[in-house]
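Residue numbers (the numbering used here): 3 to 143. Working notes, beginning with the structure itself.
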C-alpha cells in the first residue's frame with residue numbers, strides 16, 4: 003500500500019483529506035506543521051507529501067526547501083494543497099521543486115487523485131466508496 007503524508011494545521015482539512023485518501027486505498031499519515039512533518043518523514047516511509055502553504059512553526063515552503071536539500075527526500079513528490087492563491091508563491095514553490103499546486107477553493111477529489119496517481123500510481127487496494135454526503139463537503143473546503 004502506498005503511503006501519503008498530509009501536513010495541514012487545520013484539523014478538519016487533515017481529517018477530511020485523510021478519510022478520502024484512505025477510502026481511495028492509500029495509507030495516510032498526518033502532521034500539523036512542517037516541523038512535525040519532517041519528523042514523520044525521518045521515521046516513516048512515505049511515497050508522496052501533500053502540504054499546506056501557511057502553517058505555524060514551519061510553513062510549507064520551508065518544509066519543501068528542507069526536503070529538497072536532503073538526499074533522502076529531494077526526489078519525494080510533493081503537492082501543495084492550500085487556500086493561498088498567490089502567483090509569486092506558486093512560482094517560488096515550483097522553483098524549489100513542487101510537483102503540483104492545488105487551491106482548496108477549487109478542490110476536486112477526482113483531480114487530486116489523478117495528480118497523486120500521476121506521481122505514485124494508484125493505490126494497491128481497491129478503493130472504497132465515500133460515505134453518503136462526503137462529496138458535498140468538498141464544495142465547502
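Just so it is clear, CB atoms sit at the ideal spot from N, CA and C, and this is done for glycine as well. From a predicted model like this one, the values you see are computed outputs, not experimental measurements.
Discussion item. In the DSSP output, which residue or residues are listed as bridge partners for residue 102?
Written reply: 81
Worksheet item: Would DSSP call residue 30 helix, strand or coil?
Response: strand
Worksheet entry | Close-in-space but distant-in-sequence residues of the same chain around residue 59 (CB under 7 Å, 5 per side omitted) | 35, 36, 37
Discussion item. For the alpha helix (DSSP H) containing residue 7, name the first residue and the last one.
Written reply: No alpha helix (DSSP H) contains residue 7, which is instead part of the beta strand (DSSP E) from 5-9.
Item to complete: Give every residue of the same chain whose Cβ lies closer than 6 Å to the Cβ of residue 99, excluding the five residues on either side of it in the sequence, and list them in chain order.
Response: 70
Discussion item. Just list the residues that DSSP pairs residue 53 with in beta bridges.
Written reply: 9, 82
Worksheet entry | residue 17 versus 33, 93, 27, 3, residue with shortest Cα-Cα distance | 33
Worksheet item: If residue 53 and residue 82 are in contact, beta carbons under 8 Å, what's the gap, nearest whole angstrom?
Response: 6 Å
Worksheet item: Where do the ends of the alpha helix (DSSP H) carrying residue 116 lie?
Response: 111-122
Worksheet item: Would a C-beta distance cut-off of 9 Å place residue 6 and residue 48 closer than the cut-off?
Response: yes
Discussion item. Less than 9 Å between the beta carbons of residue 84 and residue 102, yes or no?
Written reply: no
Item to complete: Can you give me the Cβ contacts of residue 120 inside the same chain, cut-off strictly under 8 Å, excluding the 5 residues immediately before and after it?
Response: none
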